[in-house]
Each structure stands twice: as structure tokens, then as C-alpha cells.
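The working numbering applies: residue 12 is where the sequence shown begins, and numbers increase by one. Everything below concerns the one structure shown next.
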Amino acid sequence: MTSLIDVDAAMRDMAEKLKLLCAERNIDKPALVGIHTGGVWVARRLQSLLGWDGPVGELDISFYRDDFTRIGLNPKVKASSLPFETEGRDVVLVDDVIMSGRTIRAAMNELFDFGRPASILLVALMDVGGRDLPIQPDVVGASRRLQSNQRVKLLGPDPLAVELREKTGSS
Numbered sequence: 012m013t014s015l016i017d018v019d020a021a022m023r024d025m026a027e028k029l030k031l032l033c034a035e036r037n038i039d040k041p042a043l044v045g046i047h048t049g050g051v052w053v054a055r056r057l058q059s060l061l062g063w064d065g066p067v068g069e070l071d072i073s074f075y076r077d078d079f080t081r082i083g084l085n086p087k088v089k090a091s092s093l094p095f096e097t098e099g100r101d102v103v104l105v106d107d108v109i110m111s112g113r114t115i116r117a118a119m120n121e122l123f124d125f126g127r128p129a130s131i132l133l134v135a136l137m138d139v140g141g142r143d144l145p146i147q148p149d150v151v152g153a154s155r156r157l158q159s160n161q162r163v164k165l166l167g168p169d170p171l172a173v174e175l176r177e178k179t180g181s182s
């Protein structure tokens with residue numbers, strides 16, 4: 012299988028952009044939080060590339076989604092884990108693919124239930140457009156526009172690869 016993007020190059024580029032953005036905003040010890048599952052994989056890879064210490068927080072936003080009555084609840088709901096204080100802390104929120112913005116909205120709602128961060132930087136491996144909400148990543152690895160019948164899926168955790176999938180009429 013060939014990945015839709017060069018994930019390693021995108022991750023290196025994201026790490027460099029994130030390092031520069033944090034320096035520009037005087038953020039020296041942000042909390043890394045990944046959205047389950049792919050965002051956690053990307054956050055861990057970023058942590059390694061940046062040489063940052065500390066745990067990576069994990070959010071499962073299943074109960075915070077505004078569309079679970081339409082699409083159903085994820086059958087593999089996991090507990091969120093933020094092994095650090097978020098109150099007054101700079102947070103780097105990481106997801107694998109940003110599309111409508113609804114996952115990010117749900118993640119921010121959940122983050123605020125843990126405490127009020129000083130700031131949130133949004134990082135996404137891929138931006139595929141199609142926003143329903145005015146949410147934009149601060150750092151993105153790659154941008155691709157998809158046809159209405161296409162979706163992308165992050166495979167991993169090691170190696171990470173982005174697969175293009177064709178959506179059929181029944182899925």
C-alpha cells in the first residue's frame with residue numbers, strides 16, 4: 012500500500028512549524044493532547060521528533076460529538092486520560108485528519124471540562140477541507156481536497172500511513 016502523503020516528511024515539517032510557533036508565542040512547556048486514536052499516534056510521533064518530555068494526553072470525544080444520534084456511538088469508547096493539569100496551561104491539540112471541524116469542537120468542549128487552558132494550538136496531519144465550523148489548524152502537515160465519495164484513514168501506529176478510501180453508497 013502506498014500512503015496518500017509522505018507521512019514522515021509531513022511529520023518533520025509539522026514538528027518544525029510547531030517549534031517555531033511555540034517560540035513565537037512564548038510557549039515553552041505545552042501539554043500535548045491527541046484525539047483518540049490517530050491524533051494520539053501523531054502526538055506521540057511529534058513528541059519524539061521535538062524531544063519533549065512528559066506524557067501525551069488522550070481524548071476520546073465519543074460522548075461530546077454532536078452527531079452520535081445520527082451515526083451512532085463508537086462501540087469502542089475509551090476513557091480520556093489527561094495526566095496533567097490543563098487549567099492555565101498551553102495545550103497542543105493534535106488530530107490526524109481535520110475535515111468538518113466537529114471533532115475539534117467536541118475535543119475542545121471536553122478539554123474545558125478538565126479546566127480552562129491558557130491557549131490551544133491545533134495541529135493536524137492532514138486537512139481535507141469541507142468545514143462545517145470555522146475551525147482551522149495552526150499547523151498542518153499536508154492539505155488535500157477530496158471528492159465527495161472519498162475519505163482518508165490513518166493507519167498505524169507504526170508505521171503511520173494515510174490511505175485514500177472510496178465511500179460506497181451503503182457506507
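For every residue, glycine included, the Cβ atom is placed at its ideal position computed from N, Cα and C. What you are looking at is a predicted structure, and each value in this text was computed from that prediction instead of being measured.
| Item | Value |
| --- | --- |
| Nearest-angstrom Cβ-Cβ length linking G50 and D106, presumed shorter than 8 angstroms | 4 angstroms |
| Check whether V104 and I131 have beta carbons under 7 angstroms apart | Per the sequence shown, residue 104 should be read as Leu rather than Val. Yes; because the gap between Cβ atoms is below 7 angstroms, this pair is in contact. |
| DSSP state of A129 mapped onto helix, strand, coil | coil |
| Q147 Cβ short of 6 angstroms to the ligand ZN heavy atom set | Among the components modelled here there is no ligand, and therefore nothing to report on the ligand ZN. |
| Three-state secondary structure assigned by DSSP to E98 | coil |
| Inter-residue Cα distance where the pair is K178 and M110 | 15 angstroms |
| Sequence ranges, beta strand (DSSP E) only - wholly within the segment 17-66, length at least 3 | 42-46 |
| Nearest-angstrom Cα separation, counted from T114 out to D19 | 24 angstroms |
| Selection from L122, R156, E35, V108 that minimises the alpha carbon distance to F95 | L122 |
| DSSP-derived helix/strand/coil call for L104 | strand |
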